[in-house]
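Enquirer: Can you keep this structure in mind? I'll have questions shortly.
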Amino acid sequence: MNQLEKFVTGTANGLAVAGLTILLALAVCTLFDGLLRALANYPLDFVREIGDLIAAICAACTLPIVLLHKNNITLRIFENILSKAGARLFDAFAEILMAIVMIAMAWQFYLFSQKTALANDVTWMMNVPKAPFWYAVDVILWIAVLVQLFVTAQTLAGTPARRDSETPV
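Using our numbering, the letters of the sequence shown correspond one by one to residues 708 to 876.
Here's what the structure looks like:
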């Protein structure tokens, strides 16, 4: 299980770093677009054309690490009400429910990607096909599904939670 955990952690970390690096590059391109638009009346069209598609990929890249570290919204009130076994059972139910939601999201993005590809949907000015971007988001979502299934298996096995808690306000 240790090798699998290292692989899952490395994959989630790698995707997060890649997504945030691409997002930083998009921010730099947006800055240059604004400067060139203001100073030379020469906008970078690709920033407006594919910026939102790139941002979607970047956002999806951060989802596996959020799921791995259990940084999603969690109700901890049941830990004080239920026994440890009851709280673990409730956590397992929540993890299974989260896995079902992630599978549904990934499946819907797959269907959306297929429809986009079949419609030959392209960007407005540069005619860049949109489907490859949505397929990339879908692949990342399926990776997030696998990460969530790993987290669910850990919870069901009783492995201590890897939750990175924040202090309540």
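All C-beta atoms in this analysis are idealised placements derived from N, C-alpha and C, irrespective of residue type, glycine included.
Keep in mind it's a predicted model, so treat the numbers as computed, not measured.
Mapping DSSP to helix, strand and coil, what is Pro-877?
Expert: Since the first and last residues shown for the chain are 708 and 876, residue 877 lies out of range.
Enquirer: Whole angstroms are fine: how far does the CA of Ala-811 sit from the CA of Thr-874?
Expert: At Thr-874, the pLDDT of 47 sits below 50, so the modelled position is not reliable; the number obtained from the coordinates is stated separately. Spanning the two alpha carbons is a distance of roughly 31 Å.
Enquirer: Based on Cα-Cα distance, which residue from Val-829, Leu-853 and Val-846 lies nearest to Ile-807?
Expert: Of Val-829, Leu-853 and Val-846, the residue nearest in Cα terms is Leu-853.
Enquirer: Can you confirm whether the segment 730-741 touches the segment 809-829 when touching is taken to mean that 3 or more C-beta pairs between the two stretches lie within less than 8 Å?
Expert: Cβ pair count under 8 Å is below three, so no.
Enquirer: Measure the C-alpha to C-alpha separation of Cys-768 and Lys-777 and round it to an integer number of angstroms.
Expert: If you take the alpha carbons of Cys-768 and Lys-777, they lie about 15 Å apart.
Enquirer: Give the single residue among Pro-836, Leu-848, Leu-804 and Phe-857 whose Cα lies nearest to the Cα of Trp-814.
Expert: Checked all of Pro-836, Leu-848, Leu-804 and Phe-857; the closest Cα to Trp-814 is Leu-848.
Enquirer: Going along the chain, which residues of its own chain have a beta-carbon closer than 7 Å to the beta-carbon of Ala-843, five neighbours each way excluded?
Expert: Closer than 7 Å at the Cβ level, and outside the excluded window around Ala-843, lie Ile-764.
Enquirer: With a cut-off of 8 Å, do at least 3 Cβ pairs link the segment 729-737 to the segment 750-765?
Expert: Verdict: yes, contact present.
Enquirer: Which value, in whole angstroms, describes the spacing of the CA atoms of Gly-883 and Met-833?
Expert: Nothing about residue 883 can be reported from this structure: the residues present for the chain run from 708 to 876 only.
Enquirer: I need the straight-line Cα distance from Leu-722 to Tyr-749, nearest angstrom please.
Expert: Each residue's Cα considered, the two are about 33 Å apart.
Enquirer: Rounded to the nearest angstrom, what separates Val-715 and Thr-862 at their Cα positions?
Expert: Rounded to the nearest angstrom, the two C-alpha atoms are 15 Å apart.
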